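First up is the structure itself, then whatever we jot down about it.
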Amino acid sequence: MPNPPKIWQQVASVNGEINSNYGWVIYNKDNHEQYAQCLRALRRDKNTRRAMMIYTRPSMQTEYNKDGMSDFICTNNTQLLIRNNQLDYIVNQRSCDAIFGFKNDVYWHRHVQNEILKDITTDYPDVTLGKIYYQTGSLHVYERHFDLIDI
Numbered sequence: 004m005p006n007p008p009k010i011w012q013q014v015a016s017v018n019g020e021i022n023s024n025y026g027w028v029i030y031n032k033d034n035h036e037q038y039a040q041c042l043r044a045l046r047r048d049k050n051t052r053r054a055m056m057i058y059t060r061p062s063m064q065t066e067y068n069k070d071g072m073s074d075f076i077c078t079n080n081t082q083l084l085i086r087n088n089q090l091d092y093i094v095n096q097r098s099c100d101a102i103f104g105f106k107n108d109v110y111w112h113r114h115v116q117n118e119i120l121k122d123i124t125t126d127y128p129d130v131t132l133g134k135i136y137y138q139t140g141s142l143h144v145y146e147r148h149f150d151l152i153d154i
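In terms of the numbering used here, the sequence shown opens at residue 4 and continues consecutively.
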């Protein structure tokens, strides 16, 4: 098995654990199967406002630094809405590194949006891929990356 990316090694606990494993956050039964819950909400009601996946759990306030970790989940939650036969996806983020984090997060969230769309096509064959809307509390560039941007 290849080594994890350097950034994950830097923020992991002494046991190699991280909080920002978004796959675990939305798919794992130990975190209430967020993806499945969201999908069920959409299938029950095409106009629902309850199709959400909650990434940041309340215990993050103390778990972000457990066992030497330095990993406070950046995405707070996502919400999916079907409006005008489009599946729109809203991302609410606490914080995002504009150089490395943003592109990775957009890729992840577009992937999840596409998966939900694929999973609801039997229920709603006319629904198409909509937009992603981002709301980020802190979109930032670290000083070490200033040379990568044109100011």
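No residue lacks a Cβ here, since even glycine has one placed at the ideal position from N, Cα and C. The model shown is predicted, which means the values in this text are computed figures rather than measured ones.
{"query": "Counting only the same chain and skipping the five closest in sequence on each side, list residues whose C-beta sits under 7 Å from that of Trp11.", "result": "Ile21"}
{"query": "Taking C-alpha atoms, which residue in Asn31, Thr131, Leu42, Asp108 lies nearest to Arg52?", "result": "Leu42"}
{"query": "Using C-beta distances below 6 Å, list every residue in its chain close to Val17, excluding the 5 sequence neighbours before and after it, in chain order.", "result": "Asp70, Gly71"}
{"query": "Can you tell me the Cβ-Cβ gap for Met56 and Asn80, rounded? I've got them flagged as a contact below 8 Å.", "result": "6 Å"}
{"query": "Hey, how far is the Cα of Ile123 from the Cα of Glu146?", "result": "43 Å"}
{"query": "Note down the Cα distance separating Lys134 from Val28, rounded to an integer number of angstroms.", "result": "23 Å"}
{"query": "What are the uninterrupted segments assigned as beta strand (DSSP E) that are 3 or more residues long and contained completely in the segment 62-97, given in chain order?", "result": "78-86, 89-96"}
{"query": "To the nearest angstrom, how far is it from the Cα of Asp153 to the Cα of Val144?", "result": "12 Å"}
{"query": "Could you give the first and the last residue of the continuous alpha helix (DSSP H) run that contains Ile10?", "result": "9-14"}
{"query": "Would you please state the rounded distance, in angstroms, between the beta carbons of Asp156 and Tyr58? I believe it to be under 8 Å.", "result": "There is simply no residue 156 to check, as the chain begins at 4 and stops at 154 in what is shown."}
{"query": "Who does Ile135 pair with in a DSSP beta bridge?", "result": "Tyr92"}
{"query": "Just how far apart, CA to CA, sit Tyr38 and Gln116?", "result": "10 Å"}
{"query": "Label Gly104 either buried or exposed according to how many other C-beta atoms from any shown protein chain fall within 10 Å of its C-beta, with 16 as the threshold for buried.", "result": "buried"}
{"query": "At what residues does the beta strand (DSSP E) containing Ile119 begin and finish?", "result": "Segment 104-123 is the alpha helix (DSSP H) holding Ile119; no beta strand (DSSP E) there."}
{"query": "Mind checking which residues open and close the alpha helix (DSSP H) that includes Ile57?", "result": "Run containing Ile57: none in the alpha helix (DSSP H); it sits in the beta strand (DSSP E), 55-57."}
{"query": "If distances are taken between C-alpha atoms only, which option among Lys106, Glu118, Cys77, Lys49 comes closest to Leu84?", "result": "Lys49"}
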